[in-house]
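**Q** Heads up: the protein sequence lines correspond to chains V and W, in order.
Residue numbers for the first sequence follow the numbering used here, so the first one is 2 and each next one is one higher.
Residue numbers for the second sequence follow the numbering used here, so the first one is 2 and each next one is one higher.
Sharing a structure below in structure tokens format, with a few things to ask.
There are 2 protein chains.
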Amino acid sequence: MEPFRLLVSFEEALETLMRHCRPVDGSESVDISSACGRVVSTDVVAQQDVPPFDRAAMDGYAVVASDTFPATQQPVVLEVTGRLHAGEAPSTEVTPGTCVQVATGAPLPPGADAVVMVEFTEEQDGKVSVTRPVYPGANVSRAGEDIDRGQVVLRSGTYLTPARVGVLAALGMTSVTVFRRPEVAVVPTGREVVPPGRPLRPGQVFDVNSFTLEAVLRSNGAVVRRLPVVTDEYGALRSAVESAAQSCDMVVLSGGSSVGEKDLLVGVIEELGTVHFHGVQVKPGKPTLFGTVGDTPVLGMPGYPTSCLSNAYMFLLPAVRKMARLPPRHEHRIVVPLAKRYVSSSGRKQFLTVRVSDGHAYPAYKHSGAITSMSDADGYVVLPVNLDVIEEGEEVEVVMFDQ
Amino acid sequence: MEPFRLLVSFEEALETLMRHCRPVDGSESVDISSACGRVVSTDVVAQQDVPPFDRAAMDGYAVVASDTFPATQQPVVLEVTGRLHAGEAPSTEVTPGTCVQVATGAPLPPGADAVVMVEFTEEQDGKVSVTRPVYPGANVSRAGEDIDRGQVVLRSGTYLTPARVGVLAALGMTSVTVFRRPEVAVVPTGREVVPPGRPLRPGQVFDVNSFTLEAVLRSNGAVVRRLPVVTDEYGALRSAVESAAQSCDMVVLSGGSSVGEKDLLVGVIEELGTVHFHGVQVKPGKPTLFGTVGDTPVLGMPGYPTSCLSNAYMFLLPAVRKMARLPPRHEHRIVVPLAKRYVSSSGRKQFLTVRVSDGHAYPAYKHSGAITSMSDADGYVVLPVNLDVIEEGEEVEVVMFDQ
Numbered sequence: 002m003e004p005f006r007l008l009v010s011f012e013e014a015l016e017t018l019m020r021h022c023r024p025v026d027g028s029e030s031v032d033i034s035s036a037c038g039r040v041v042s043t044d045v046v047a048q049q050d051v052p053p054f055d056r057a058a059m060d061g062y063a064v065v066a067s068d069t070f071p072a073t074q075q076p077v078v079l080e081v082t083g084r085l086h087a088g089e090a091p092s093t094e095v096t097p098g099t100c101v102q103v104a105t106g107a108p109l110p111p112g113a114d115a116v117v118m119v120e121f122t123e124e125q126d127g128k129v130s131v132t133r134p135v136y137p138g139a140n141v142s143r144a145g146e147d148i149d150r151g152q153v154v155l156r157s158g159t160y161l162t163p164a165r166v167g168v169l170a171a172l173g174m175t176s177v178t179v180f181r182r183p184e185v186a187v188v189p190t191g192r193e194v195v196p197p198g199r200p201l202r203p204g205q206v207f208d209v210n211s212f213t214l215e216a217v218l219r220s221n222g223a224v225v226r227r228l229p230v231v232t233d234e235y236g237a238l239r240s241a242v243e244s245a246a247q248s249c250d251m252v253v254l255s256g257g258s259s260v261g262e263k264d265l266l267v268g269v270i271e272e273l274g275t276v277h278f279h280g281v282q283v284k285p286g287k288p289t290l291f292g293t294v295g296d297t298p299v300l301g302m303p304g305y306p307t308s309c310l311s312n313a314y315m316f317l318l319p320a321v322r323k324m325a326r327l328p329p330r331h332e333h334r335i336v337v338p339l340a341k342r343y344v345s346s347s348g349r350k351q352f353l354t355v356r357v358s359d360g361h362a363y364p365a366y367k368h369s370g371a372i373t374s375m376s377d378a379d380g381y382v383v384l385p386v387n388l389d390v391i392e393e394g395e396e397v398e399v400v401m402f403d404q
Numbered sequence: 002m003e004p005f006r007l008l009v010s011f012e013e014a015l016e017t018l019m020r021h022c023r024p025v026d027g028s029e030s031v032d033i034s035s036a037c038g039r040v041v042s043t044d045v046v047a048q049q050d051v052p053p054f055d056r057a058a059m060d061g062y063a064v065v066a067s068d069t070f071p072a073t074q075q076p077v078v079l080e081v082t083g084r085l086h087a088g089e090a091p092s093t094e095v096t097p098g099t100c101v102q103v104a105t106g107a108p109l110p111p112g113a114d115a116v117v118m119v120e121f122t123e124e125q126d127g128k129v130s131v132t133r134p135v136y137p138g139a140n141v142s143r144a145g146e147d148i149d150r151g152q153v154v155l156r157s158g159t160y161l162t163p164a165r166v167g168v169l170a171a172l173g174m175t176s177v178t179v180f181r182r183p184e185v186a187v188v189p190t191g192r193e194v195v196p197p198g199r200p201l202r203p204g205q206v207f208d209v210n211s212f213t214l215e216a217v218l219r220s221n222g223a224v225v226r227r228l229p230v231v232t233d234e235y236g237a238l239r240s241a242v243e244s245a246a247q248s249c250d251m252v253v254l255s256g257g258s259s260v261g262e263k264d265l266l267v268g269v270i271e272e273l274g275t276v277h278f279h280g281v282q283v284k285p286g287k288p289t290l291f292g293t294v295g296d297t298p299v300l301g302m303p304g305y306p307t308s309c310l311s312n313a314y315m316f317l318l319p320a321v322r323k324m325a326r327l328p329p330r331h332e333h334r335i336v337v338p339l340a341k342r343y344v345s346s347s348g349r350k351q352f353l354t355v356r357v358s359d360g361h362a363y364p365a366y367k368h369s370g371a372i373t374s375m376s377d378a379d380g381y382v383v384l385p386v387n388l389d390v391i392e393e394g395e396e397v398e399v400v401m402f403d404q
């Protein structure tokens with residue numbers, strides 16, 4: 002059991018990790034009703050115009066615009082030769098001196114080139130008097146005005162928002178080709194770790210990290226494969242890492258927060274691939290290890306629940322979003338005064354969890370072994386490496402946890 | 002076809018809607034691996050201590066603290082009588098003059114009351130020399146220190162973050178009781194509306210709104226029941242609304258953007274329940290109707306895709322989050338200059354969609370019929386009722402769409 006030798010800075014660790022996490026290739030077809038939040042993997046080309054035909058943009062009367070020009074002086078009277086609802090095909094042609102009553106969304110009848118809004122008309126005995134002139138094209142949505150047939154409407158790499166799902170529907174598509182989600186293996190390690198639901202024997206604790214990691218991974222675009230607990234035995238660990246690295250896009254191990262146990266994983270990764278860093282200048286979360294086996298990133302997280310989850314937000318979240326080709330997470334930040342003096346002497350960049358109440362931030366951090374350091378918190382404050390003290394009442398920027 | 006008579010303000014409309022949307026009762030049990038994002042419906046009481054036993058918080062040696070006090074002067078030598086890994090039950094008692102080597106997470110052996118960190122020791126030939134004294138309790142996590150058995154750890158109404166899922170796992174729970182999700186019926190209406198995938202006949206368009214509404218609803222805690230298109234026929238509409246209101250927690254209709262068609266829905270709701278407002282001073286989204294049938298809120302959305310989706314963000318999103326007992330959505334806002342002069346003369350509160358590029362906001366709004374007004378946008382700017390012009394370069398606050 003020997004202590005860490007060379008800690009890397011948070012920034013260097015993150016940069017190294019991001020460099021080795023590449024966006025996944027490969028795609029799959031999904032139904033548009035579950036496509037929101039996915040990323041388009043092939044340019045979507047419009048197979049038809051939207052709208053598919055010239056249509057009335059307002060309730061009113063489809064007219065020959067030039068018929069209405071005299072209405073600047075006095076009302077123009079036109080003969081109503083038909084009525085057209087949305088969804089009906091036009092049967093009557095509009096000729097000079099006539100008009101067809103149209104509902105919003107109804108196709109523009111042949112011969113007409115404008116719609117007079119119902120507000121500027123008065124109908125009586127089959128005749129309508131028009132009180133305002135319209136120009137050609139007034140209150141008409143032209144075919145293809147929204148989307149042109151043949152146009153690339155969504156490029157490969159586009160994130161699907163509700164509106165973009167709407168574009169797919171507007172084109173009549175029922176499915177869309179999107180990038181597959183990265184598959185991440187989550188491997189709990191440690192002889193003391195037991196899955197929830199099993200009885201605890203003396204000296205044993207429940208596996209927490211697999212579930213917190215799974216929650217963070219799933220809400221950031223990954224498919225999670227939770228694997229059984231691996232005891233701290235070299236052969237078992239090596240075979241678990243080797244097979245997970247072959248079949249998944251990323252491997253995240255948790256546990257063995259001590260140097261002694263972590264050394265096992267260092268050995269395994271050195272044997273199977275390359276260790277890129279071991280030990281980061283952050284608090285909590287120092288005993289973090291990163292390597293690659295083949296092209297697969299392997300992240301060794303601290304065993305302590307708070308250290309592990311804190312690192313999941315700092316390292317795993319941006320990495321998996323990059324692999325899933327998702328845009329960076331929008332962080333919700335608020336600036337509030339610190340409710341009580343806080344002394345930090347770690348000499349590491351610190352992620353201090355806080356509870357926000359009555360417009361103040363209260364430090365919620367107990368120690369890295371306490372899951373309640375995170376679960377009682379509303380967000381965290383990042384304290385720089387060289388900061389020793391924040392006074393009561395000093396303003397801090399809190400990054401809020403997702404809701 | 003008569004125009005709207007009395008428009009209500011946006012604020013009044015939202016207040017009315019929120020008042021009639023009540024948080025759902027009823028709960029269900031979910032596996033902890035899918036519990037993130039759900040809301041606890043019964044206080045969770047800890048059935049055991051976390052940690053379950055006194056344990057070493059550091060790698061080192063479990064000692065009788067008072068043995069180490071002389072180490073202020075010179076190293077203290079103790080006999081190593083055992084070694085204990087995490088997950089092992091202690092077999093050796095620590096008596097004065099002796100110690101047991103312990104790994105982080107290992108149970109504290111009986112007799113010991115502190116742990117000396119490995120960094121302040123040197124072991125040779127079964128004896129360890131301790132170079133720093135420790136106080137009783139040093140580097141020990143006490144049983145129940147994180148969570149006490151019998152304690153209410155998560156109150157009913159608590160939103161489950163990854164950390165709170167971790168709390169459930171730490172207690173050995175495999176499932177948790179959460180509020181059920183509100184079930185929302187989405188009913189497209191209009192003779193011109195055809196589900197994507199079917200062939201379009203002249204005058205027909207594809208159903209867009211069911212899919213955009215579903216996307217917004219699903220990402221805000223609802224279960225969505227998409228119903229078949231209802232033609233604008235009074236009897237069919239009444240029976241669809243009546244049965245959806247009986248079986249779902251909320252009914253959202255879309256379509257019939259014109260006053261004429263909307264009147265049908267007004268009539269149906271007046272017959273089955275109460276109309277609370279019809280017509281809102283917003284752009285886009287004016288032709289919005291809200292009523293209740295029994296206790297069930299019924300929202301009639303404009304048929305135009307942009308109006309419908311804009312209203313989904315403004316009205317439906319906060320309403321459904323309240324019903325699902327979710328905290329208000331964190332809005333990500335940025336302040337940037339407007340890239341070009343914008344003239345608004347609607348006399349209504351306006352939600353102007355914008356694209357954000359090169360640190361500027363470009364108006365993306367074409368008209369309410371164009372889905373690309375939304376799909377090409379990154380967010381929206383809210384313009385007050387009384388605002389006429391924003392000059393180029395003036396700063397605007399953009400609420401970004403979710404990513």
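Just so you know, even glycine gets a beta-carbon here, dropped at the ideal spot from N, CA and C.
(1) May I have the straight-line CA-CA distance separating V:Phe-402 from W:Ile-148, to the nearest angstrom?
(2) Once the 5 residues before and after V:Ser-258 are set aside, which same chain residues still bring their CB inside 7 Å of it?
(3) Identify which residue in W:Val-225, W:Cys-249, W:Leu-161, W:Pro-97 has its Cα closest to the Cα of V:Thr-213.
(4) Counting only runs that start and end within the stretch 221-265 of chain V, where is the beta strand (DSSP E) found for 3 or more residues in a row?
(5) In the stretch 99-141 of chain V, which residue ranges form an unbroken beta strand (DSSP E) of at least 3 residues, counting only runs that do not cross its ends?
(6) Using a Cβ-Cβ cutoff of 9 Å, what residues of the stretch 314-347 of chain V are near chain W? List them in chain order.
(7) Under a three-way DSSP split, which group does W:Leu-15 fall into?
(8) Is V:Val-135 near V:Ala-66, with beta carbons less than 8 Å apart?
(9) Return the bridge partner residues of W:Asp-32 from the DSSP annotation.
(10) Which of helix, strand or coil does DSSP assign to V:Lys-341?
(11) Are the CB atoms of W:Leu-317 and W:Val-224 within a distance shorter than 8 Å?
(12) With a CB to CB cut of under 7 Å and the five nearest residues on each side skipped, what residues in its chain are close to V:Ala-170?
(13) Keeping to the same chain, check which residues put their C-beta closer than 7 Å to that of W:Phe-121; ignore five residues upstream and five downstream.
(14) Output, in chain order, the set of chain W residues within a Cβ distance shorter than 7 Å of V:Pro-53.
(15) So V:Glu-215 is in the alpha helix (DSSP H); what residue range does that whole segment cover?
(16) Under 8 Å between C-beta atoms, does W:Ser-220 make it to chain V?
(17) Between the beta-carbon of W:Leu-155 and the beta-carbon of W:Val-168, is there less than 8 Å?
(18) What first and last residue would you give for the alpha helix (DSSP H) that runs through V:Val-168?
(19) Give the secondary structure of V:Val-400 by DSSP, where H, G and I count as helix, E and B as strand, and everything else as coil.
(20) Which same chain residues, not among the five before or five after W:Tyr-343, have their C-beta less than 6 Å away from its C-beta?
(21) Note the first and the last residue of the continuous beta strand (DSSP E) segment covering V:Pro-91.
(22) Assuming contact is defined by CB atoms lying nearer than 8 Å, are W:Pro-91 and W:Pro-110 in contact in what I supplied?
(23) With DSSP as the reference, label W:Ser-157 as helix, strand or coil.
(24) With 8 Å as the threshold, decide whether the Cβ of V:Met-401 is near any Cβ in chain W.
(25) Taking the straight line between their C-alpha atoms, what separation do you get for W:Leu-273 and W:Ser-248?
(26) What residue does the alpha helix (DSSP H) around V:Thr-297 start on, and which one ends it?
(27) Going along chain V in order, which residues have a C-beta closer than 8 Å to the C-beta of W:Leu-273?
(28) Within the same chain, show all residues whose beta-carbon is closer than 7 Å to that of V:Gln-98, passing over the 5 residues directly before and after it, in chain order.
(29) Looking at the strands, I want to know which residues DSSP matches up with W:His-361.
(30) To be precise: take each residue of the stretch 124-158 of chain V, compare its Cβ to all Cβ atoms of chain W, and keep it if any distance is under 9 Å. Which residues remain?
(31) Give the DSSP bridge partners of W:Leu-79, in chain order.
(32) Please return the same chain residues whose Cβ sits closer than 7 Å to the Cβ of V:Ser-157, not counting the five positions on each side in sequence.
(33) Is there a Cβ from chain W that is less than 8 Å from the Cβ of V:Glu-94?
(34) Going by DSSP, which residues form a beta bridge with V:Tyr-62?
(35) Using a Cβ cut-off of 9 Å, pull out every chain V residue sitting near W:Phe-11, in sequence order please.
(36) Compile a chain-ordered list of the residues in the stretch 25-48 of chain V whose CB is closer than 9 Å to at least one CB of chain W.
**A** According to the structure shown:
(1) 21 Å
(2) Here the model assigns V:Ser-258 a pLDDT of 42, short of 50, so the residue's position is not dependable, and the following value carries that caveat. Contacts found: Pro-288, Pro-303, Gly-304, Tyr-305, Ser-308.
(3) W:Leu-161
(4) 224-227, 251-255
(5) 99-103, 115-118, 122-125, 128-131
(6) Tyr-314, Leu-327, Pro-328, Pro-329, Arg-330, His-331, Glu-332, His-333
(7) helix
(8) yes
(9) W:Ser-176
(10) coil
(11) no
(12) Ile-33
(13) Val-131, Thr-132, Arg-133
(14) Leu-201, Val-206
(15) 210-219
(16) yes
(17) yes
(18) 163-171
(19) strand
(20) Pro-364, Ile-391
(21) That residue, V:Pro-91, is in no beta strand (DSSP E); it is neither H nor E in DSSP.
(22) yes
(23) coil
(24) yes
(25) 15 Å
(26) That residue, V:Thr-297, is in no alpha helix (DSSP H); its beta strand (DSSP E) goes 297-302.
(27) Correct list: empty, because the minimum Cβ distance to chain V is about 24 Å.
(28) Note that residue 98 of chain V corresponds to Gly in the displayed sequence, not to Gln. Only Asp-68, Leu-79, Glu-80 meet the Cβ criterion.
(29) W:Ser-358
(30) Ser-142, Glu-146, Asp-147, Ile-148, Val-154, Leu-155
(31) W:Val-129
(32) Val-41, Ser-42, Thr-43, Asp-44
(33) no
(34) V:Gln-102, V:Val-117
(35) Going along chain V, no residue has its Cβ under 9 Å from W:Phe-11, so there is no contact; the nearest lies around 20 Å.
(36) Ile-33, Ser-34, Ser-35, Ala-36, Cys-37, Gly-38
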